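See below for the structure under consideration.
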Amino acid sequence: MQIMQEMTFAEFSRDANRIYKKNCAVYYKLASHYGFTETMFDILYFVRENEDCGTQAQLCNNLYLRKQTVNSALKKLEKEGYIYLAKDGENQKNKTIHFTEKGEELVRNTVDHVFEVEKKAFERLTAEEKERVLYYGLKQIQVLEEVTNEFLQDK
């Protein structure tokens with residue numbers, strides 16, 4: 036393995052941000068291809084990935100989206116007949132998100148295709164590359180979150 040020259044903060048920041056933006060651009064391209072906003076696509080993706088169930092709070096926490104943004108997208112998806120909301124047991128405020136028959140057909144023809152694209156990309160990586168992508172991506176965000184929390188506590 037070749038030892039890299041120490042990079043500057045400016046180089047690291049530029050490259051890390053470029054990678055993040057490129058990742059966002061790929062998913063934006065996929066969402067746009069199917070006629071969705073990024074938020075609508077992210078919701079459909081999350082609900083499909085989590086087997087047709089989840090709450091608005093789970094969406095907000097897992098997708099790092101504001102409650103109002105998620106609520107607006109859910110209302111639009113519900114109005115278009117792709118999802119329905121059901122009361123979540125004892126807590127009447129929480130509603131779980133489920134696909135209608137029309138929604139099931141939609142995700143089979145959209146989100147499931149994206150899963151296949153992701154799977155093909157995954158299969159092109161070696162076991163070591165997969166491990167490194169996850170390890171270093173998580174490491175970088177953990178350190179950034181730590182320093183952000185320290186910064187906010189000092190203010």
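Going by this note's numbering, 173 is the number at position 138 of the sequence shown; the sequence numbering is gapless.
Just so you know, even glycine gets a beta-carbon here, dropped at the ideal spot from N, CA and C.
Computed from a predicted structure; not experimentally measured.
query	result
L120 (DSSP reduced to helix, strand or coil)	strand
9 Å Cβ cutoff met for T90 and T131	yes
CA-to-CA distance, F76 to H68, given in whole angstroms	11 Å
DSSP three-state assignment for K64, whether helix, strand or coil	helix
Per DSSP, the bridge partner or partners of I132	L120
First and last residue of the uninterrupted alpha helix (DSSP H) at F186	A162 to D189
Where T43 sits in the DSSP three-state scheme	coil
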